[in-house]
Amino acid sequence: MYDAGKIIVGLIIGIGLLLFPFYYNAGKAAKAPEPQLTPKAKEAKVCVAETSYMKTSHMHLLERWRQEVVRGGERYYTASNGKVYYKSVEETCLDCHSNKSKFCDQCHDYMRISPYCWDCHIAPKETK
Amino acid sequence: MNFVVGILFSGIAMIILILIPWVGVGAFDLRLVFGIIVPYLALATFFVGIVLRVINWARSPVPFRIPTTAGQQWSLPWIKPNRIDNPKGTGGVVVRMIFEVLLFRSLFRNTRLEFRKGPKITYEWEKWLWLAALVFHYSFLVIFLRHFRFFLDPVPAFIHILERLDGFLQMGPLPVSGLGVPEVYITDMLLLLALLYLFLRRLYVHQTRYISLPADYFPLFLLLTLGLTGVLMRYFLRVDLTAVKELAIGLVKFHPKVPEGIGVIFYIHLFMLCTLIAYFPFSKLVHMAGIFLSPTRNLSNNSRFVRHINPWNYPVKVHTYEEYEDEFRDKMIEAGLPVEKMPEKAEEGAGAKEEEEKKE
Chain Y
0 MYDAGKIIVG LIIGIGLLLF PFYYNAGKAA KAPEPQLTPK AKEAKVCVAE
50 TSYMKTSHMH LLERWRQEVV RGGERYYTAS NGKVYYKSVE ETCLDCHSNK
100 SKFCDQCHDY MRISPYCWDC HIAPKETK
Chain R
0 MNFVVGILFS GIAMIILILI PWVGVGAFDL RLVFGIIVPY LALATFFVGI
50 VLRVINWARS PVPFRIPTTA GQQWSLPWIK PNRIDNPKGT GGVVVRMIFE
100 VLLFRSLFRN TRLEFRKGPK ITYEWEKWLW LAALVFHYSF LVIFLRHFRF
150 FLDPVPAFIH ILERLDGFLQ MGPLPVSGLG VPEVYITDML LLLALLYLFL
200 RRLYVHQTRY ISLPADYFPL FLLLTLGLTG VLMRYFLRVD LTAVKELAIG
250 LVKFHPKVPE GIGVIFYIHL FMLCTLIAYF PFSKLVHMAG IFLSPTRNLS
300 NNSRFVRHIN PWNYPVKVHT YEEYEDEFRD KMIEAGLPVE KMPEKAEEGA
350 GAKEEEEKKE
């Protein structure tokens with residue numbers, strides 16, 4: 000007696016499960032996110048750190064700021080270019096990046112990340 | 000093989016494997032090779048390798064039943080059978096296999112043999128291997144599924160939920176400001192701890208150390224490196240995740256492209272993964288498919304009421320008694336031996352005799 004029939008069925012199910020990403024995405028347009036800057040952000044030209052650093056590590060910076068502000072009471076951040084910023088999401092970050100849906104949410108939605116910033120902070124009202 | 004040699008061998012292999020993408024991308028900028036060609040080759044090796052291996056297994060005949068009978072067999076109505084540990088039919092086998100695949104039940108039965116003073120043999124309670132194996136496998140599964148956020152666009156809800164559950168502690172393992180990201184995943188820590196335990200156990204238990212080969216150390220090192228580069232990338236040397244997702248989506252949509260600005264650490268992580276999946280079909284890691292084909296678990300114990308015929312029984316040349324008698328009948332009669340069938344002449348005589356007897 001051979002059990003090849005059952006084994007092949009199992010193999011097909013297994014391979015089918017593993018190939019899930021290949022057919023899940025098929026036919027869907029791959030759209031890379033395009034975060035847009037507000038005129039104010041464009042004018043400022045520099046963020047509190049380099050763009051490449053902000054791209055990869057803004058969450059790290061915010062986490063550190065939170066720690067320093069909430070636990071240490073240190074409210075001021077000196078950037079590498081010597082400029083001093085007030086450590087605040089609402090008053091510093093969102094001052095330039097007031098377009099949450101066109102800026103923050105672009106990448107966050109693409110990666111389906113829902114940061115808990117907005118559990119406490121109030122998202123800026125966007126004027127269309 | 001001495002265990003030091005085994006560890007050194009696997010360790011050096013590991014270092015070379017880390018250096019290949021590091022030098023390749025870091026020094027020569029071969030992002031096309033390490034971002035597209037190597038992943039596709041690894042995937043092809045994995046799928047072709049697994050399919051060929053499983054088909055090879057499927058070609059094996061199943062001439063008889065060899066389930067481990069860890070309970071009372073189904074027999075008389077007043078004897079209570081154990082339907083899972085001594086399964087009679089498919090239902091019991093399915094339950095047994097579910098326990099085996101999802102809960103590693105046979106590993107749970109692991110005991111440690113020890114010699115005590117006397118000398119006396121004792122079988123010690125030993126669940127740590129089972130626990131570490133379970134923690135490792137489930138952590139790996141969760142991490143594997145979490146990574147689907149890079150391969151699927153839009154990301155399905157269940158992956159998002161899994162991610163939130165995994166990071167619900169919202170803190171690092173140390174009482175400092177986390178590890179730089181709001182959500183430290185529990186499974187990341189558990190995976191590394193479990194792997195470390197499994198490695199140390201190999202060294203600590205001397206019987207295990209004695210039978211360990213480079214083929215045992217290498218997958219552990221590979222998984223540890225994969226986990227460590229992943230942890231490094233998430234918590235310390237962060238990379239541009241949207242670019243990573245563009246690369247991953249490009250791969251699964253067969254429109255590969257290598258975006259700019261992904262750190263070398265990502266290519267090392269990816270190369271470790273490629274090594275792992277290409278190594279899969281050729282190594283002990285193929286137990287992922289093999290667990291389903293464990294004959295001592297997936298066969299029902301029905302030998303008493305189902306006839307199993309060995310399919311590769313070759314036709315045996317037999318010489319039946321009839322043929323034997325045909326060949327030697329004359330000689331047998333001559334020697335006065337009883338025969339079942341009398342030759343023609345003798346038959347008449349015998350027939351006449353019988354008739355005479357009847358007349359009498």
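Top line first, the protein sequences correspond to chains Y and R.
According to numbering that gives the first Met the number 0, the first sequence is numbered sequentially starting from 0.
According to numbering that gives the first Met the number 0, the second sequence is numbered sequentially starting from 0.
All C-beta atoms in this analysis are idealised placements derived from N, C-alpha and C, irrespective of residue type, glycine included.
Just so it is clear, the structure is predicted and the values come from calculations on it, not from any experiment.
* **Any 3 or more C-beta pairs closer than 8 angstroms across the segment 57-66 of chain R and the segment 292-301 of chain R** => yes
* Asked: What number of angstroms, rounded off, separates the C-alpha of residue 237 (chain R) from the C-alpha of residue 60 (chain Y)?
  -> Here residue 237 (chain R) corresponds to residue number 238 of the second sequence, with the count starting at 1. Here residue 60 (chain Y) corresponds to residue number 61 of the first sequence, with the count starting at 1. Each residue's alpha carbon lies about 12 angstroms from the other.
* Asked: Could you check where the beta strand (DSSP E) with residue 112 (chain R) kicks off and where it finishes?
  -> Counting from 1 along the second sequence, the entry for residue 112 (chain R) is found at position 113. In the DSSP annotation of this structure, the continuous segment of the beta strand (DSSP E) that includes residue 112 (chain R) starts and ends at 110-115.
* Whole angstroms is fine: what's the gap from residue 25 (chain Y)'s alpha carbon to residue 153 (chain R)'s? => Locating residue 25 (chain Y) in the first sequence gives position 26, counting from the first residue. Locating residue 153 (chain R) in the second sequence gives position 154, counting from the first residue. Residue 25 (chain Y) and residue 153 (chain R): Cα-Cα distance of roughly 12 angstroms.
* To do: Answer yes if the segment 107-123 of chain Y comes into contact with the segment 228-236 of chain R, meaning at least three C-beta pairs across the two stretches below 8 angstroms, and no otherwise.
  => Not touching, per the Cβ criterion.
* **Given residue 285 (chain R) as reference, the closest of R:48, R:19, R:10 and R:1 once Cα atoms are compared** => The sequence position of residue 285 (chain R) within the second sequence is 286, counting from 1. For residue 285 (chain R), the nearest C-alpha among the options comes from R:48.
* **Residues within the segment 54-73 of chain Y neighbouring chain R, beta-carbon criterion of under 7 angstroms** => 54, 55, 56, 58, 59, 62, 63 and 66
* To do: Measure the C-alpha to C-alpha separation of residue 324 (chain R) and residue 314 (chain R) and round it to an integer number of angstroms.
  => In the second sequence, the residue the question calls residue 324 (chain R) occupies position 325. In the second sequence, the residue the question calls residue 314 (chain R) occupies position 315. Each residue's Cα considered, the two are about 22 angstroms apart.
* **Interface positions of the segment 87-101 of chain R facing chain Y (Cβ-Cβ less than 9 angstroms), listed along the chain** => none
* Asked: Can you round the beta-carbon distance between residue 198 (chain R) and residue 219 (chain R) to whole angstroms, since I take them to be within the 8 angstroms contact cut?
  -> The sequence position of residue 198 (chain R) within the second sequence is 199, counting from 1. The sequence position of residue 219 (chain R) within the second sequence is 220, counting from 1. Indeed they touch by this definition, with Cβ atoms about 5 angstroms apart.
* **Cβ pair count under 8 angstroms reaching 3, the segment 10-26 of chain Y against the segment 38-57 of chain Y** => no
* Asked: Roughly how many angstroms lie between the CA atoms of residue 172 (chain R) and residue 269 (chain R), to the nearest whole one?
  -> Looking up residue 172 (chain R) in the second sequence gives position 173. Looking up residue 269 (chain R) in the second sequence gives position 270. Residue placement at residue 172 (chain R) cannot be trusted, given a pLDDT of 49 that sits under 50; the coordinates are not used to answer.
* Classify residue 125 (chain R) as helix, strand or coil using the three-state DSSP reduction. => Within the second sequence, numbered from 1, the residue matching residue 125 (chain R) stands at position 126. Looking at residue 125 (chain R) - three-state DSSP - the assignment turns out to be coil, as it is neither helix nor strand.
* Taking only beta-carbon positions, decide if residue 248 (chain R) is within less than 8 angstroms of chain Y. => If you number the second sequence from 1, residue 248 (chain R) lands on position 249. Chain Y, which has a Cβ nearer than 8 angstroms to the Cβ of residue 248 (chain R), makes this yes.
* **Cβ neighbours of residue 223 (chain R) in the same chain (closer than 8 angstroms, five flanking residues each side left out)** => Counting from 1 along the second sequence, the entry for residue 223 (chain R) is found at position 224. If you ignore the 5 residues before and after residue 223 (chain R), its C-beta comes within less than 8 angstroms of the C-beta of 191, 194, 195 and 198, all in its own chain and listed in chain order.
* To do: For residue 40 (chain R), count neighbouring Cβ atoms within 10 angstroms of its own Cβ and tell me buried if that reaches 16, exposed if not.
  => Position 41 of the second sequence, counted from the start, is the residue given in the question as residue 40 (chain R). By the C-beta density criterion, residue 40 (chain R) is exposed, having fewer than 16 other C-beta atoms within 10 angstroms.
* To do: Give a yes or no on whether the C-beta atoms belonging to residue 299 (chain R) and residue 100 (chain R) are separated by under 8 angstroms.
  => What you label residue 299 (chain R) is simply residue 300 of the second sequence in a count that begins at 1. What you label residue 100 (chain R) is simply residue 101 of the second sequence in a count that begins at 1. No, these two residues do not count as a Cβ contact at 8 angstroms.
* Taking C-beta pairs closer than 7 angstroms, name the residues in chain R that residue 48 (chain Y) reaches, listed in chain order. => On the first sequence, residue 48 (chain Y) is found 49 positions in, with the first residue counted as 1. Within 7 angstroms Cβ-Cβ: nothing; residue 48 (chain Y) doesn't reach chain R, min ~13 angstroms.
* **Amino acids of chain A, ordered along the chain, whose beta-carbon sits closer than 7 angstroms to that of residue 27 (chain Y)** => Absent from the structure: chain A. Protein chains present are Y and R.
* Would you say residue 240 (chain R) reaches chain Y, if we count a Cβ-Cβ gap shorter than 8 angstroms as a contact? -> Position 241 of the second sequence, counted from the first residue, corresponds to residue 240 (chain R). It does: the Cβ of residue 240 (chain R) has a partner Cβ on chain Y nearer than 8 angstroms.
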